[in-house]
Amino acid sequence: MTDEAPKEEILINVTPREVRAALLENGILQEVYIERDTRRGLISNIYKGRVSRVLPGMQAAFVDIGLERTAFLHASDIAKKALPDGEQAEQSAQDIRELVREGAEVLVQVVKDPLGNKGARLSTFITLPSRFLVLLPGGSGVGISTRIEDDNERLRLRSLIESLQGDNPQGGIIARTAAEGASEESLSADLDFLQKLWTSVQQKGRESKVRSLVHEDLQLPMRVLRDLVSTDVERILIDSEADFHKLQEFTRSFLPEVEPRLELYKRRRPIFDLHGTEDEIRKALDRSIPLKSGGYVIFDQTEAMTTVDVNTGGYVGHRNLEETIFRTNLEAAVAIARQLRLRNLGGIIIIDFIDMEVADHRNRVLEALEEAMANDHARHQMTPVSPLGLVEMTRKRTRESLQHILCEECPSCSGRGFVKTADSVCFDIFREIIRQHRQFTFDEILVLAHQDVIELLLDEEAGGLAEIERQTGKSVRLQPESLYLQDQFDVVLI
Numbered sequence: 001m002t003d004e005a006p007k008e009e010i011l012i013n014v015t016p017r018e019v020r021a022a023l024l025e026n027g028i029l030q031e032v033y034i035e036r037d038t039r040r041g042l043i044s045n046i047y048k049g050r051v052s053r054v055l056p057g058m059q060a061a062f063v064d065i066g067l068e069r070t071a072f073l074h075a076s077d078i079a080k081k082a083l084p085d086g087e088q089a090e091q092s093a094q095d096i097r098e099l100v101r102e103g104a105e106v107l108v109q110v111v112k113d114p115l116g117n118k119g120a121r122l123s124t125f126i127t128l129p130s131r132f133l134v135l136l137p138g139g140s141g142v143g144i145s146t147r148i149e150d151d152n153e154r155l156r157l158r159s160l161i162e163s164l165q166g167d168n169p170q171g172g173i174i175a176r177t178a179a180e181g182a183s184e185e186s187l188s189a190d191l192d193f194l195q196k197l198w199t200s201v202q203q204k205g206r207e208s209k210v211r212s213l214v215h216e217d218l219q220l221p222m223r224v225l226r227d228l229v230s231t232d233v234e235r236i237l238i239d240s241e242a243d244f245h246k247l248q249e250f251t252r253s254f255l256p257e258v259e260p261r262l263e264l265y266k267r268r269r270p271i272f273d274l275h276g277t278e279d280e281i282r283k284a285l286d287r288s289i290p291l292k293s294g295g296y297v298i299f300d301q302t303e304a305m306t307t308v309d310v311n312t313g314g315y316v317g318h319r320n321l322e323e324t325i326f327r328t329n330l331e332a333a334v335a336i337a338r339q340l341r342l343r344n345l346g347g348i349i350i351i352d353f354i355d356m357e358v359a360d361h362r363n364r365v366l367e368a369l370e371e372a373m374a375n376d377h378a379r380h381q382m383t384p385v386s387p388l389g390l391v392e393m394t395r396k397r398t399r400e401s402l403q404h405i406l407c408e409e410c411p412s413c414s415g416r417g418f419v420k421t422a423d424s425v426c427f428d429i430f431r432e433i434i435r436q437h438r439q440f441t442f443d444e445i446l447v448l449a450h451q452d453v454i455e456l457l458l459d460e461e462a463g464g465l466a467e468i469e470r471q472t473g474k475s476v477r478l479q480p481e482s483l484y485l486q487d488q489f490d491v492v493l494i
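Going by full-length UniProt numbering, 6 is the number at position 6 of the sequence shown; the sequence numbering is gapless.
#1: Could you tell me whether the Cβ atoms of L197 and L136 are closer together than 7 Å?
#2: Short of 8 Å in beta carbon distance, which residues of its chain neighbour V492, apart from the five on each side in sequence? Order them along the chain.
#3: Are the CB atoms of V14 and S240 within a distance shorter than 7 Å?
#4: In chain order, what residues of the same chain have a beta carbon less than 7 Å from the beta carbon of L213, not counting five sequence neighbours either side?
#5: From A189 to P221, what does the alpha carbon distance come to, in whole angstroms?
#6: DSSP puts L73 in a beta bridge; with which residues?
#7: Report yes if the C-beta distance between E31 and E8 is below 7 Å; otherwise report no.
#8: What does DSSP give as the partner residues of T394 in its beta bridges?
#9: Taking the DSSP output, what are the residues bridged to Q486?
#10: With DSSP collapsed to three states, give me the class of P270.
#11: Grouping DSSP H, G and I as helix and E and B as strand, with all else coil, what is L330?
#12: So what does DSSP say about A182, is it helix, strand or coil?
#13: Going by Cα to Cα distance, which pick from L191, K112, P480, T472 is closest to L456?
#14: Beta strand (DSSP E) containing Q30: first to last residue?
#15: Have a look at the DSSP bridge pairing and note the partners of G172.
#16: Within the continuous beta strand (DSSP E) that includes H450, where are the two ends?
#17: When burial is assigned at 16 or more other CB atoms within 10 Å of the CB, is C426 buried or exposed?
#18: Using the beta-carbon count (16 or more within 10 Å), is P260 buried or exposed?
#19: Got a sec: is the Cβ-Cβ distance from P169 to anything in chain B below 7 Å?
#20: Mind checking which residues open and close the alpha helix (DSSP H) that includes H437?
#21: What residues are listed by DSSP as bridge partners for H215?
#22: Less than 7 Å separating the beta-carbons of I34 and I238?
#23: Can you give the Cα-Cα distance for D227 and T146, rounded to whole angstroms?
#24: At the level of alpha carbons, what is the spacing between A60 and Q301?
#25: Using only the alpha-carbon positions, how far apart do S412 and A359 sit?
#26: Below 8 Å on the Cβ atoms is my contact criterion, and I expect G346 with A372 to pass it. Report the Cβ-Cβ distance as a whole number of Å.
#27: Output the boundary residues of the beta strand (DSSP E) element that contains E149.
#28: Is S140 closer than 7 Å to G172 when the C-beta atoms are compared?
#29: Could you spell out where the alpha helix (DSSP H) holding R252 opens and where it closes?
#30: Is it the case that the Cβ atoms of E331 and L291 are separated by a distance below 7 Å?
#31: Helix, strand or coil: which one does DSSP assign to T15?
#32: Distance, Cα to Cα, residue 558 vs F326?
#33: In the DSSP assignment, find the unbroken beta strand (DSSP E) run with T306 in it and report its ends.
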């Protein structure tokens, strides 16, 4: 094994109760996937649920599938007939009340993981993916991935799949990007597997109890091989011998062309230390990302949207201001595209590039951003640069972002990103003492607060404290509390 980075490689790190997978391009981390036993993703899982509530005003229904929160099912994601036997009509009606009723049993598939306080999003249009194909039991026809650009190859795949389906197709078929160049035997084996799988899902759907899992998607290592391995991936390294053998068996059965690229990582150095992968994950949690030129990019992730701000920082350029701004924006466009994938940021994204006066510069920056996003596995849409220098885009969000998986809300500021200054807390304490004095009778006041607040009360705010004692006619005793946060205090009446 050499240290030279292949064009693309996948690193799989297995530890007790957690599996991580990283996709690298030319030694640079592009995407990371994390799955924990206590927090497994639900996407593609199929459940037999019961409609618990229908909301005509939202054209949606809430479905109990046995999770902590009821899941959300919109009218647009419901086929005309969505029964446990899996028989679904292709056309869907508009009124939710014509599609489902409270108490009805439905066979549904998770299309979006629970995010924040929102439950999972469901669909009755079941999709079953394999290596080369995706089966749509409720659909019809043949679709080809838009990433297969060669017209002759698209025509070959379409005619080949149609002939394999015969006169009685069991649903629609989509040829995935990996199907490019696939042989007739491989496609036939995939189609046969998917049809058998759907028959099994239908049978389990009829026999399963309500609020139960009918079909679970593959575990992360297998999903990575199925969904991420392309002809560009030169090797897949995994650091667990037991899981390596499982992947070997999986590839022999379903992905024989991938097996030669599997390697067991045996070095003593942790696998995610290769190419600084661990450090890159750590940096992806930072708010600010430095650029090589000296500029930097700020990422602010909120529930409503993600905002990205580009700044020149210490970059002064060599020619003029416009050229400096243009070069910074070009470098930032590439960095932003990579960070969106790595952080798995989805939903509405607003990018505030530095204002550019030259229209050609704005167009070239947008082209650089689109080119850098070309390999993104998530579907996205982008608008031209606005007169304010903003680029509005959306990126499909199906699973939680890296920050939401690895981090939690700050207990000090409750997710605000800031805390009150010690000065502000002192004035809060003064107001609280006056409020208590007007309502209760007491002999002495004890103030418990953070050490910095106590020191400020004894120093710069000593005059204010003396004035409070004069107004109330009571003495104020101060006591520092090492476990208190800076904006936390208690006023105790004695």
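Idealized CB from N, CA, C, for every residue including glycine.
For this structure:
#1: no
#2: I445, L446, V447, L448
#3: yes
#4: N45, Y47
#5: 22 Å
#6: A61
#7: no
#8: I348, Q381
#9: For Q486, which the question treats as bridged, DSSP gives no partner whatsoever.
#10: coil
#11: helix
#12: coil
#13: P480
#14: 28-36
#15: L136
#16: Unbroken run through H450: none, as it is neither H nor E.
#17: buried
#18: exposed
#19: The displayed structure is made up of one protein chain only, and chain B is not part of it.
#20: 422-439
#21: I46
#22: no
#23: 16 Å
#24: 27 Å
#25: 45 Å
#26: About 17 Å separates the two Cβ atoms, so there is no contact after all.
#27: Counting along the chain, E149 falls outside any beta strand (DSSP E), and DSSP gives it neither H nor E.
#28: yes
#29: 241-254
#30: yes
#31: strand
#32: Nothing in the structure corresponds to residue 558, since the chain is present only between 1 and 494.
#33: 306-311
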